[in-house]
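Taking it in order: structure first as structure tokens, then the write-up.
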Amino acid sequence: MKKVLLGTTAIVAAGMIASPSADAAEKLKVSIGGYMEQWFGYVSQDEQDSNTADYSGFDVKSDAELHAKGMTTLDNGISVGINVQLEANSNTSDQIDESYMIIKGNFGEINIGSENSSLYKMNYAPAEYGIGINSGDQSSWVTKPSNISGSFFRSPFGSTNVEPARTNDSEKLTYYTPRIEGFQLGVSYIPTTSQDSNAQPDRNSDITDGYTIGANFKRDFGGFDLGISGGYGTFTDGPSGQDDPSAWSAGLTVGFGGFSLGASYAGSEGTTDADENEGFNIGAAYASGPWGVSLGYFHGERDGSTTAGVTSGQADHDTFALSGKYALGPGVTAAGTLGYTEYETDDTGVADNSTDGTYFVVGLKLSF
């Protein structure tokens, strides 16, 4: 791993590092935490005439991560820490989920490394107590046909938590202001879509130099909770002849006496005119003590293109979900979801233009 040595003189001048003293802060110590979710359920999926696969039946799904976190406070009051998230299930594409440094103080917070942007992290959306229909979990139970275009994760087709070009945890620099009178602002700089030990980007052929701006407001007005969010992100440089990808989102949540209502919206544009997505999520929830119930709906769609009367790349997605949870003890929650998901396309010449599935899943979620 290559390491960059920063000039300490300039950093001291900026007040980021205090001069050593006999009473210097303790060396950073790291603790291990994380979560594990195990789900068991049954899905009944409509079979397509042109597809011989049979996806109906019982299955077990797993999701788990180990988190290494640590924070130390320097003599000047500034805190420095790390957050490294390791996939606890084998993942050939991204075994280390997120890995970034945290610097925070009265000035706000800075994140440096592989982490989601301010657009993604500052978005508000309806509460969900089972599997996440606003994060794409339903795609693990109802299989999307190969002739249906559109990606679920970080895309409006399956989530209102979005990133420009679906960049996920690419290397970036993010700054969050302190929360003042309920308001907070976050900005991210994204050099490229690559992450981890990424090579120096070629600005003639790579998508580069992106940014996101996110803002939200949250406040309790005498027992009435209000949350509002909005954000935008784009890349400013890319290969010749391609559009610069962008994404945007907005969210609203209200709550009173255990009840909550929420709605969120997102849209995106890709590197071509045909790669345009939008989606929205609405939901209601009630929680009291250890238990809660939520009801939600998600709709996503992807525009296609029509050439010489032939349409391709178009897709729609709808999911309804009723979920419940019960806290069995500290860090131990039982949950379940009854859901229905449908995929549809208007592509010309597609033999099967829709498929749908109904599923009931129960699970145990552990946090540690």
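Read in order, the letters of the sequence shown are residues -24 to -1, 1 to 344 in mature numbering (1 follows the signal peptide of the UniProt record, and there is no 0).
Positions of the beta carbon are idealized from the N, C-alpha and C atoms, including for glycine.
What is the rounded straight-line gap between the Cα of residue i and the Cα of residue j?
i, j, result
"proline 121", "serine 236", "34 Å"
"aspartate 322", "valine 36", "33 Å"
"glutamine 290", "phenylalanine 197", "44 Å"
"tyrosine 262", "glycine 199", "15 Å"
"isoleucine 107", "glycine 300", "10 Å"
"serine 244", "threonine 68", "27 Å"
"arginine 142", "phenylalanine 128", "10 Å"
"lysine 148", "asparagine 87", "8 Å"
"isoleucine 183", "histidine 43", "30 Å"
"tyrosine 152", "asparagine 82", "11 Å"
"serine 20", "serine 330", "15 Å"
"tryptophan 4", "lysine 341", "The displayed chain sequence assigns leucine, not tryptophan, to residue 4. About 29 Å."
"residue 427", "alanine 40", "With the chain running from -24 to 344 in the structure shown, residue 427 is simply not present."
"tyrosine 76", "aspartate 22", "43 Å"
"threonine 168", "glycine 234", "42 Å"
"glycine 162", "tyrosine 187", "11 Å"
"threonine 210", "proline 140", "6 Å"
"arginine 278", "glutamate 254", "7 Å"
"glutamate 85", "threonine 28", "52 Å"
"alanine 311", "glutamine 71", "26 Å"
"aspartate 185", "serine 135", "24 Å"
"glycine 339", "proline 177", "42 Å"
"proline 154", "phenylalanine 133", "32 Å"
"serine 270", "alanine 260", "6 Å"
"glutamate 65", "glutamate 13", "The sequence shown places asparagine at residue 65, not glutamate. Approximately 11 Å, taken between the alpha carbons."
"proline 306", "aspartate 172", "34 Å"
"phenylalanine 232", "glycine 268", "14 Å"
"glycine 272", "serine 90", "31 Å"
"glutamate 104", "proline 215", "39 Å"
"alanine 191", "alanine 284", "43 Å"
"histidine 275", "glycine 57", "38 Å"
"threonine 313", "serine 264", "18 Å"
Following the continuous alpha helix (DSSP H) through residue i, name the residue where it begins and the one where it ends.
i, result
"lysine 97", "94 to 97"
Name the one or two DSSP bridge partners that residue i has.
i, result
"glutamine 114", "Glutamine 114 pairs with nothing; no bridge assigned."
"arginine 278", "Asn253 and Ala291"
"serine 38", "Gln14"
"glycine 9", "His43"
"glutamine 171", "DSSP lists no partner for glutamine 171."
"threonine 317", "Thr295 and Gly333"
"tyrosine 100", "Answer is none; tyrosine 100 lacks a bridge partner."
"glycine 217", "Answer is none; glycine 217 lacks a bridge partner."
"serine 125", "Paired residues: none, contrary to the question."
"threonine 188", "Ser164 and Gly209"
"threonine 309", "Ala303 and Lys341"
"alanine 29", "DSSP lists no partner for alanine 29."
"tyrosine 262", "Phe235 and Val269"
Start and end of the beta strand (DSSP E) containing residue i?
i, result
"arginine 179", "Premise fails: arginine 179 is in no beta strand (DSSP E) and is neither H nor E."
"serine 90", "84 to 90"
"alanine 242", "235 to 245"
"valine 337", "330 to 343"
"alanine 223", "222 to 232"
"proline 167", "159 to 168"
"residue 349", "An answer regarding residue 349 cannot be provided, because it is not within the stretch -24 to 344 covered by the chain."
"lysine 3", "It is not in any beta strand (DSSP E) - lysine 3 carries neither H nor E in the DSSP assignment."
"valine 138", "Segment: none, valine 138 is in no beta strand (DSSP E) and carries neither H nor E."
"leucine 50", "Here leucine 50 belongs to no beta strand (DSSP E), and DSSP marks it neither H nor E."
"alanine 284", "No beta strand (DSSP E) holds alanine 284; DSSP gives it neither H nor E."
"serine 205", "200 to 213"
"glycine 81", "72 to 81"
"glutamate 147", "147 to 152"
Skipping 5 residues on each side, what residues in its chain have a beta carbon closer than 6 Å to that of residue i?
i, result
"asparagine 55", "Looking at the sequence itself, residue 55 is serine, so the reference to asparagine does not match. Met47, Thr49 and Lys80."
"serine 288", "Gly280 and Asp323"
"threonine 229", "Tyr100, Gly203 and Gly238"
"arginine 179", "Asp213"
"arginine 195", "Gly158 and Leu202"
"serine 164", "Ser93, Ser94, Lys148, Thr150 and Thr188"
"alanine 303", "Pro266 and Thr309"
"tyrosine 31", "Gln21 and Thr119"
In chain order, what residues of the same chain lie with their CB nearer than 8 Å to the CB of residue i, ignoring the 5 residues before and after it?
i, result
"glycine 325", "Val286"
"phenylalanine 34", "Phe16, Gly17 and Tyr18"
"serine 7", "Ala44, Lys45 and Gly46"
Within the same chain, show all residues whose beta-carbon is closer than 7 Å to that of residue i, passing over the 5 residues directly before and after it, in chain order.
i, result
"glycine 53", "Gly81"
"phenylalanine 116", "With the sequence shown as reference, residue 116 is identified as serine, and phenylalanine is not the correct amino acid for it. So the list reads Lys37, once near-sequence residues are dropped."
"serine 131", "Val138, Arg142, Ser244 and Asn253"
"alanine -3", "Any reading at alanine -3 is ruled out, since the residue's pLDDT is 41, under 50, leaving its predicted position unreliable."
Stretch pair the stretch 199 to 214 + the stretch 230 to 243: three plus CB contacts closer than 8 Å: yes
At least 3 beta-carbon pairs within less than 8 Å: the stretch 217 to 233 vs the stretch 108 to 119: no
Are the stretch 91 to 101 and the stretch 296 to 316 touching by the rule of at least three beta carbon pairs closer than 8 Å? no
Contact between the stretch 307 to 320 and the stretch 333 to 342 is defined here as three or more beta-carbon pairs at a separation below 8 Å; is this criterion met? yes
Three-pair Cβ contact test at 8 Å for the stretch 122 to 136 versus the stretch 52 to 71: no
Would you check if there are 3 or more beta carbon pairs closer than 8 Å linking the stretch 245 to 264 to the stretch 154 to 163? no
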